[in-house]
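S.K.: In our numbering, the protein residues as written are 238 to 802. Even for Gly, the Cβ is constructed at its ideal location relative to N, Cα and C.
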RNA sequence: GCGCCCGUAGCUCAACUGGACAGAGCAUCAGACUUCGGAUCUGAGGGUUGGGGGUUCAAAUCCCUCCGGGCGCGCCA
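(1) Does DSSP put residue 419 in a helix, in a strand, or in coil?
(2) Quick one: Cα of residue 686 to Cα of residue 651, how far?
(3) Could you say if the region 354 to 362 and the region 398 to 410 meet the contact criterion of at least three C-beta pairs nearer than 8 angstroms?
(4) Would the region 492 to 509 count as touching the region 567 to 575 if we require 3 or more Cβ pairs under 8 angstroms?
(5) Can you name, in chain order, every residue of its own chain whose Cβ lies under 8 angstroms from the Cβ of residue 543, other than the five neighbours on each side?
(6) Which two residues bound the contiguous alpha helix (DSSP H) that contains residue 734?
(7) Residues in the same chain with beta-carbon distance under 8 angstroms from residue 239, minus the five sequence neighbours each way, listed in chain order, please.
(8) Quick check on the burial criterion: 16 or more other C-beta atoms within 10 angstroms. Buried or exposed for residue 464?
(9) For residue 551, name the three-state secondary structure that DSSP assigns.
(10) So what does DSSP say about residue 501, is it helix, strand or coil?
(11) Which first and last residues belong to the alpha helix (DSSP H) in which residue 585 is found?
(12) What does a CB cutoff of less than 8 angstroms around residue 748 pick up in its chain, not counting 5 residues either side in sequence?
(13) Are residue 681 and residue 784 touching if we call contact CB-CB under 7 angstroms?
(14) Using the beta-carbon count (16 or more within 10 Å), is residue 517 buried or exposed?
(15) Check whether the region 449 to 463 touches the region 427 to 440, taking contact to mean three or more Cβ pairs, one atom from each stretch, closer than 8 angstroms.
(16) Exposed or buried, what is residue 670 when buried is set at 16 or more other beta-carbons lying within 10 Å of its beta-carbon?
(17) Between which two residues does the alpha helix (DSSP H) harbouring residue 264 extend?
(18) Please determine if the region 735 to 752 and the region 381 to 395 are in contact, where contact requires at least 3 C-beta pairs separated by less than 8 angstroms.
(19) In this structure, how does DSSP classify residue 280 when only helix, strand and coil are distinguished?
(20) At a cut-off of 6 angstroms, is residue 590 close to the ligand GDP when judged by its beta-carbon and the heavy atoms of the ligand?
(21) Taking residue 375 as the reference, give the member of 351, 657, 780 and 273 with the closest Cα.
(22) Taking the straight line between their C-alpha atoms, what separation do you get for residue 304 and residue 728?
(23) What's the gap between the Cα of residue 619 and the Cα of residue 485?
(24) Apply the 10 Å Cβ neighbour rule to residue 335 and answer buried if 16 or more other Cβ atoms are within range, or exposed otherwise.
(25) Leaving out the 5 sequence neighbours to the left and right, which residues in its chain are closer than 8 angstroms to residue 309 when beta-carbon positions are compared?
(26) Which of helix, strand or coil does DSSP assign to residue 495?
(27) Nearest to residue 436 by alpha carbon, out of 545, 761 and 411?
(28) Going by C-alpha distance, which of 603, 366, 538 and 478 is nearest residue 635?
(29) Is residue 773 closer than 7 angstroms to residue 762 when the C-beta atoms are compared?
(30) Could you tell me which residues DSSP pairs with residue 308 in its beta bridges?
(31) With distance defined between alpha-carbon atoms, name the residue in 330, 614, 403 and 259 nearest to residue 290.
(32) Since residue 647 and residue 371 are thought to touch, with beta carbons under 8 angstroms apart, how far apart are those beta carbons, to the nearest angstrom?
(33) Going by beta carbon distance, what residues of the same chain come within less than 6 angstroms of residue 417, once the five residues before and after it are set aside?
(34) Can you list, in chain order, the residues of its chain with a C-beta nearer than 8 angstroms to that of residue 643? Leave out the 5 residues immediately preceding and following it.
(35) Taking all protein chains shown into account, decide if residue 272 is buried (16 or more other Cβ within 10 angstroms of its Cβ) or exposed.
(36) Starting from residue 567 and walking both ways along the beta strand (DSSP E), at which residues does that stretch end?
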């Protein structure tokens, strides 16, 4: 539709120019969907943008363009409105055609194929295995997973990747904490290190070690067995939590592999990066450490890449640079990094370093989300990781269910704070947007059950062969509006993918559900009408597309579309 | 102090990337059930988009500047 209108507008401008009515021979035309349906199905602001160059009022230019338009039959009406918009209204027949096409596609029409096989890597969650996933991790997991789903659905080749570190300083601390709990369980004197992990899960891991090894580890000073046990147990839990949320990964990349030479390598990739940075004069050595120089990168401060001390351990930052080089070398068309606002500074450092090393970072796009708070009974729930008073993601899913967790995490723009209202989340009432949307789907499903009972079966199978089997001219203007809404999801999905803004979909579904409920509630709109099978079939046809649209949209979000609730 | 994000109805948030009179839900008030599932619907009130300047035919959106909030500014990740 937009392409069609844009082309006839361009042609009109060219024609007006040829007849001497306009100075410009060509102009870039943008078409948008008006907010207000009274303004038609599409609008163009060409006349407004041309006003300056033409030296004429926008409405006068709009009139000239309109007079030179060659309007095809799909377009029912062209009008000039407001400051000089040119509005277009499509003919009902056009929408009948669109509706037929959507019905033939089933739920596929909500999946516009815009990826053309391009490759995308989505790196998300990337939580180190130091403890159970928290509510904050949940936003990351759902956001990343949904972006991946959207890319997959729109024709991209997607790699979902989890980057983590099971070695290093924090992991030693984790191992030490498990060892202390292990000794304590055996009744021996032991005390947690100062920054040790206090969570109850550490004790659980210690107990499982006692089950397997009795007291045979009591004299071991090597922390490795404790660390490994902890990492295995926690990683298993993280995977379980993700499963419960419908979140999955293709790759788990371990930071340690970047720090140790792999098969054909003579040195680790981290060492290679340090060498490269040194060649570009981006390193500085002082205070016994090796620093990434801030000044040549336009960063406010130097940042430590290799710690001082006998071990000369790299900081997290160094392998992260190596990891991003690795990602770039793998040749993805698009690389998405999903992370919380607290990691912005690090990401800037990584990107700046990559740029300075001559890499093209244009394919990397960061999606940075703000923090999550929980509200219960009108009060903020206090959460502290250190004290282990946080609410785990498992607890949240347990309390409100997968569908609600996913929908709520997506029901906000990512750079906006997210206040998760537990009371609202648990309410099975219209004010809960998840149930409102799901209920619309259940109602539609119920209509089809009733239709079957009434012997009114929609001949969907034969429609492809005989598209005129259902007379869509029976649909009212209100019903055509509903059809536009259902079909329009396709464009919203495309926009959500291009802008990396999945939240647009749940908002759109909520609007669609509302329109449907309002329509459904009017007695005159009864879909099943035994006295008028023709009308019933036309309405069932529309109902099918609405149902496919809602189900297809929810599926993209990883939220179920129940037939009964 | 410096960097990034945010400030929109009493509350929680949208606004298709600069378009038409800024929209939803909750809350408040007033209504609709012999239902293809009322887990629904109808109506009302509620705004100088934090303040001030600028750019533009057009600003919640872009620029500057104040005010207020969040996050970061670790040899933690």
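M.R.: Answer, in terms of the structure:
(1) Position 182 of the first chain holds residue 419. Three-state DSSP puts residue 419 in a helix.
(2) Here residue 686 is taken as the residue at index 449 of the first chain, counted from 1. Here residue 651 is taken as the residue at index 414 of the first chain, counted from 1. About 39 angstroms.
(3) yes
(4) The region 492 to 509 vs the region 567 to 575: no contact.
(5) The residue labelled residue 543 in the question sits at position 306 within the first chain. Excluding sequence neighbours, residue 543 sits near 511, 526, 527, 549, 550, 551, 552 and 555.
(6) Counting from one through the first chain, the residue named residue 734 turns up at place 497. Element bounds for residue 734: 714 to 736.
(7) Position 2 of the first chain, counting from 1, holds the residue named residue 239. Around residue 239: 268 and 279.
(8) Position 227 of the first chain, counted from the first residue, corresponds to residue 464. Buried: at least 16 other Cβ atoms inside 10 Å.
(9) Here the question's residue 551 lines up with position 314 in the first chain. Under the three-state reduction of DSSP, residue 551 is assigned to strand.
(10) To locate residue 501, count along the first chain from 1; it is residue 264. Three-state result, residue 501: coil.
(11) Within the first chain, residue 585 is the residue found at index 348, counting from 1. Residue 585 -> alpha helix (DSSP H) spans 581 to 593.
(12) Against the first chain, residue 748 aligns to sequence position 511. If we look at residue 748 and ignore the five residues flanking it on each side, its Cβ neighbours are 722.
(13) For the purposes of this step, residue 681 is taken as the residue at position 444 of the first chain. For the purposes of this step, residue 784 is taken as the residue at position 547 of the first chain. Closer than 7 angstroms, so yes.
(14) Translated into the one-based positions of the first chain, residue 517 becomes position 280. Exposed, because fewer than 16 other Cβ atoms sit within 10 Å of the Cβ of residue 517.
(15) no
(16) For the purposes of this step, residue 670 is taken as residue 433 along the first chain, with counting starting at 1. Classification of residue 670: buried, given that the 10 Å Cβ count is 16 or more.
(17) Translated into the one-based positions of the first chain, residue 264 becomes position 27. Residue 264 -> no alpha helix (DSSP H), and no H or E assigned at all.
(18) yes
(19) Indexing the first chain from 1 puts residue 280 at position 43. It is a strand residue.
(20) Ligands displayed in this structure: none; no statement on the ligand GDP is therefore possible.
(21) If you number the first chain from 1, residue 375 lands on position 138. It is 657.
(22) If you number the first chain from 1, residue 304 lands on position 67. If you number the first chain from 1, residue 728 lands on position 491. Rounded to whole angstroms, residue 304 to residue 728 spans 30 angstroms at the Cα level.
(23) Along the first chain, one-based indexing puts residue 619 at 382. Along the first chain, one-based indexing puts residue 485 at 248. Cα to Cα, the separation comes out at about 29 angstroms.
(24) In the first chain, the residue the question calls residue 335 occupies position 98. Classification for residue 335: buried.
(25) One-based indexing of the first chain puts residue 309 at position 72. Around residue 309: 241 and 245.
(26) One-based indexing of the first chain puts residue 495 at position 258. Looking at residue 495 - three-state DSSP - the assignment turns out to be helix.
(27) Within the first chain, the letter at position 199 stands for residue 436. Among 545, 761 and 411, the Cα nearest to that of residue 436 is on 411.
(28) To locate residue 635, count along the first chain from 1; it is residue 398. Nearest of 603, 366, 538 and 478 to residue 635, Cα basis: 478.
(29) On the first chain, position 525 is the one that residue 762 refers to. On the first chain, position 536 is the one that residue 773 refers to. Going by C-beta atoms, residue 762 is not nearer than 7 angstroms to residue 773.
(30) As a working mapping, residue 308 is identified with position 71 in the first chain. Residue 308 is not bridged to any residue.
(31) Within the first chain, numbered from 1, the residue matching residue 290 stands at position 53. Nearest of 330, 614, 403 and 259 to residue 290, Cα basis: 259.
(32) Counting from 1 along the first chain, the entry for residue 647 is found at position 410. Counting from 1 along the first chain, the entry for residue 371 is found at position 134. The Cβ separation is near 18 angstroms, so there is no contact.
(33) For this step, residue 417 is matched to residue 180 along the first chain. These residues qualify, in order along the chain: 427 and 429.
(34) Looking up residue 643 in the first chain gives position 406. Taken in chain order, the residues that qualify are 379, 383, 482, 483, 794, 795 and 796.
(35) Indexing the first chain from 1 puts residue 272 at position 35. That one is exposed.
(36) On the first chain, residue 567 is found 330 positions in, with the first residue counted as 1. Here residue 567 belongs to no beta strand (DSSP E), and DSSP marks it neither H nor E.
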